[in-house]
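Residue numbering for the sequence shown follows our numbering, beginning at 342 and increasing consecutively.
C-beta: ideal position from N, C-alpha, C; glycine also.
Here the structure is a predicted model, which is why all the values come from computation and not from measurement.
Just below is one structure, and these are the notes that go with it.
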Amino acid sequence: MLILIAIELPAFPNRKRMTTVLLYFLTGVIIASLCWLLLVYLPYRNEYLRYVVRHSSESPAGHPRTLSAYLFNTFTFGLRSRLIPRMIWTALLGYLTLPWLGRSQSRLLRYTLFWFIFGLLMLGYMNYRPPRYEIILLPCLLIAAAAALCRILENGIIIPQTRPTIKKTLLYGIWLSPAVLQLMLYSSGFRNYPQPGRESGIILLSLTIGLVIAFAGYGLLRFREKSWAIKSGWLRGALVGLILILSLRLDIGQWSAWFSNRTYDLVTYSKAVDQLLPENAVVAGPWAPPVMIESRKRAIAVTDWANLDDLFSRFAVTHLILGEGETDRLLWERVSPEVKEKAKTLLQFRIRGQLISVLALNGSLSEH
342 MLILIAIELP
352 AFPNRKRMTT
362 VLLYFLTGVI
372 IASLCWLLLV
382 YLPYRNEYLR
392 YVVRHSSESP
402 AGHPRTLSAY
412 LFNTFTFGLR
422 SRLIPRMIWT
432 ALLGYLTLPW
442 LGRSQSRLLR
452 YTLFWFIFGL
462 LMLGYMNYRP
472 PRYEIILLPC
482 LLIAAAAALC
492 RILENGIIIP
502 QTRPTIKKTL
512 LYGIWLSPAV
522 LQLMLYSSGF
532 RNYPQPGRES
542 GIILLSLTIG
552 LVIAFAGYGL
562 LRFREKSWAI
572 KSGWLRGALV
582 GLILILSLRL
592 DIGQWSAWFS
602 NRTYDLVTYS
612 KAVDQLLPEN
622 AVVAGPWAPP
632 VMIESRKRAI
642 AVTDWANLDD
652 LFSRFAVTHL
662 ILGEGETDRL
672 LWERVSPEVK
682 EKAKTLLQFR
692 IRGQLISVLA
702 LNGSLSEH
């Protein structure tokens, strides 16, 4: 953001208006920072610092240790989480056109390009990247895709008039490499997914293919100085409509697949657990809040940064609900041997393939 402001400020025609806008922006940042400091950080600073340290330098999922591992993480954004395959047509169009649109006169598109690049570089540092993390990149791809479709509708331009240079071609070849890598992995059913420490080979291969494609385009554009455009308005509308239909069909297909196979396992098991436990039960564990969603009994969340080390000293826990994750294992290790001996398994069930166990820490407490 600061880099973009530094670049755009000298070129802004109305300095006074820009200064006013920046003043409002900085005022909002200061107010939000003060609210965060007073309401979030200061009351829970120990837990917050523990969380930051845990997930920045000691994350259970780990961080890339080599340059090739970092590049592989960066190049495969949205793939392992299946965020990109779920919206492939929009994502592909936005990704391929974003560098060209980012060079336009539109400040919005330039900001979008900066947003995407720095967001991508930040996410590359994380091995644990669920969709809720990577979703910050979707607005960039959606904006670029929408701008590209609007350009096709308005003037039919598929490839704008440009004079390609070796430098631009090299940069675009590098830009294409993540798309090539993701296509290679996805088309093989992830059978060629590299083992940790062996990412260099597939990265070099994708980079080579990306550069070959870019220089092939360079050769074509050198022989054609005019832009590649569709003159017929009907054809423009048909092309845009086809892209939108393909994207919509993908969305509807995913929704239909979920709707026809939907389950209510969590609700069913939650009601069963609620009937099984006594009224005075105090339930804890990583799975306690979701499993107790249909219950009025007390449920205490446990994560790798909260309530893990001091759970039994702070709360009179009577039952644990454990899955098969790392935090579940760490929590069970913190249960004393005496309590483990008396613990009784009341119920076991599976949610999305993971075995969930409901344990009474004292056999007598399992009775109503």
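1) Measuring only the C-alpha atoms, how far is residue 594 from residue 385?
2) Kindly indicate which residue of 674, 697, 604 and 549 has the alpha-carbon position closest to the one of residue 614.
3) Is residue 695 helix, strand or coil when you go by DSSP?
4) What is the DSSP secondary structure of residue 420, counted as helix, strand or coil?
5) Applying the criterion that 16 or more other CB atoms from any shown protein chain within 10 Å of the CB defines a buried residue, is residue 523 buried or exposed?
6) Among 691, 416, 683 and 381, which residue has its Cα nearest to the Cα of residue 541?
7) Under 6 Å Cβ to Cβ from residue 669, same chain only, skipping five residues before and after it: list those, please.
8) What residues match up with residue 622 in a beta bridge as DSSP calls it?
9) Starting from residue 356, trace the alpha helix (DSSP H) both ways and give me its first and last residue.
10) Exposed or buried, residue 684, counting other C-beta atoms within 10 Å across all chains shown (16 or more means buried)?
11) Looking only at DSSP bridge pairs, what is residue 642 linked to?
12) Am I right that residue 485 and residue 549 are in contact with their C-beta atoms under 8 Å? What's the rounded C-beta distance?
13) Spatial neighbours of residue 447 within its chain, please: C-beta separation below 8 Å, excluding the five flanking residues on both sides.
14) Relative to the C-alpha of residue 616, which residue among 600, 638, 661 and 644 is closest?
15) Any chance you could list the alpha helix (DSSP H) runs of at least 4 consecutive residues sitting entirely within the stretch 495 to 582, in chain order?
16) Is there a Cβ from chain B that is less than 9 Å from the Cβ of residue 505?
17) Does the count of Cβ pairs from the stretch 578 to 595 and the stretch 516 to 536 closer than 8 Å reach three?
18) In the DSSP assignment, find the beta strand (DSSP E) that holds residue 429 and state where it starts and stops.
19) What do you reckon, are the CB atoms on residue 472 and residue 422 nearer than 9 Å?
20) Are the beta-carbon atoms of residue 475 and residue 464 separated by less than 9 Å?
21) What did DSSP end up calling residue 703 once you bin it into helix, strand or coil?
22) If you measure between the beta carbons of residue 497 and residue 577, is that distance less than 9 Å?
23) What first and last residue would you give for the alpha helix (DSSP H) that runs through residue 449?
24) Using the C-alpha atoms, what's the distance from residue 454 back to residue 480?
25) Return yes when the Cβ of residue 691 is within less than 9 Å of the Cβ of residue 318, no when it is not.
26) Identify every residue that forms a DSSP beta bridge with residue 660.
27) Where does residue 686 fall in DSSP's three states?
28) Let me confirm a value: residue 414 is counted as buried when at least 16 other C-beta atoms fall within 10 Å, else exposed. Which label applies?
29) Could you tell me whether the Cβ atoms of residue 294 and residue 667 are closer together than 9 Å?
30) Go ahead and pull the three-state DSSP assignment for residue 602.
31) By DSSP, does residue 709 sit in helix, in strand, or in coil?
32) Return the chain-ordered list of same chain residues with a C-beta closer than 8 Å to the C-beta of residue 554, the five sequence neighbours on each side being excluded.
33) Would you identify the three-state DSSP class for residue 666, choosing helix, strand or coil?
34) Hey, could you find the ends of the alpha helix (DSSP H) residue 474 is sitting in?
35) Looking at residue 659 and residue 622, is the spacing between their C-beta atoms short of 9 Å?
36) Would you kindly work out how many angstroms separate the C-alpha atoms of residue 356 and residue 468, rounded to a whole number?
Reading off the structure:
1) Roughly 44 Å separates the two Cα atoms.
2) Selected option, being the one with the closest Cα: 697.
3) Strand.
4) It is coil, neither helix nor strand.
5) Burial state of residue 523 is buried, judged by a 10 Å Cβ sphere holding 16 or more other Cβ atoms.
6) For residue 541, the closest C-alpha among the options 691, 416, 683 and 381 is that of 416.
7) Residues 627 and 663 of the same chain have their beta carbon placed closer than 6 Å to that of residue 669, with the five preceding and five following residues left out of the count.
8) In the DSSP assignment, no residue is bridged to residue 622.
9) Going by DSSP, residue 356 is part of the alpha helix (DSSP H) stretching over 356 to 377.
10) Residue 684 is buried by the Cβ-count criterion.
11) For residue 642, DSSP records a beta bridge to 626.
12) The beta-carbon separation of residue 485 and residue 549, rounded to 26 Å, does not stay under the 8 Å limit for a contact.
13) Hits under 8 Å: 488.
14) A check of alpha carbon separations from residue 616 across 600, 638, 661 and 644 identifies 638 as the nearest.
15) The DSSP assignment places complete alpha helix (DSSP H) segments of no fewer than 4 residues inside the stretch 495 to 582 at 507 to 528 and 541 to 563, in order along the chain.
16) Absent here is chain B; the protein component of the structure consists of one chain.
17) No: fewer than three Cβ pairs fall under 8 Å.
18) Segment 429 to 443 is the alpha helix (DSSP H) holding residue 429; no beta strand (DSSP E) there.
19) With contacts defined by Cβ atoms closer than 9 Å, residue 472 and residue 422 form a contacting pair.
20) For residue 475 and residue 464, yes; Cβs fall inside 9 Å.
21) Coil, per DSSP.
22) Yes; because the gap between Cβ atoms is below 9 Å, this pair is in contact.
23) Per DSSP, residue 449 belongs to the alpha helix (DSSP H) from 448 to 464.
24) For residue 480 and residue 454, the distance between alpha carbons rounds to 11 Å.
25) Since the first residue of the chain shown is 342 and the last is 709, residue 318 is not available in this structure.
26) Within the DSSP bridge table, the entry for residue 660 names 624 and 701 as partners.
27) Residue 686: strand per DSSP, three-state reduction.
28) Residue environment analysis places residue 414 among the buried positions, since at least 16 neighbouring C-beta atoms fall within 10 angstroms of its C-beta.
29) Absent from the model: residue 294. The displayed extent of the chain is 342 to 709, so no value can be given.
30) Residue state, collapsed to three classes: coil.
31) Unreliable positioning characterises residue 709 in this predicted model, as indicated by a pLDDT of 40, which lies under 50. A coordinate reading is not provided.
32) Hits under 8 Å: 514, 517 and 521.
33) Of the three classes helix, strand and coil, the one that applies to residue 666 here is coil, per DSSP.
34) Note, residue 474: alpha helix (DSSP H), 472 to 475.
35) Against a cut-off of 9 Å, the Cβ pair of residue 659 and residue 622 comes out as a contact.
36) Our two residues, residue 356 and residue 468, have alpha carbons roughly 43 Å apart in a direct line.
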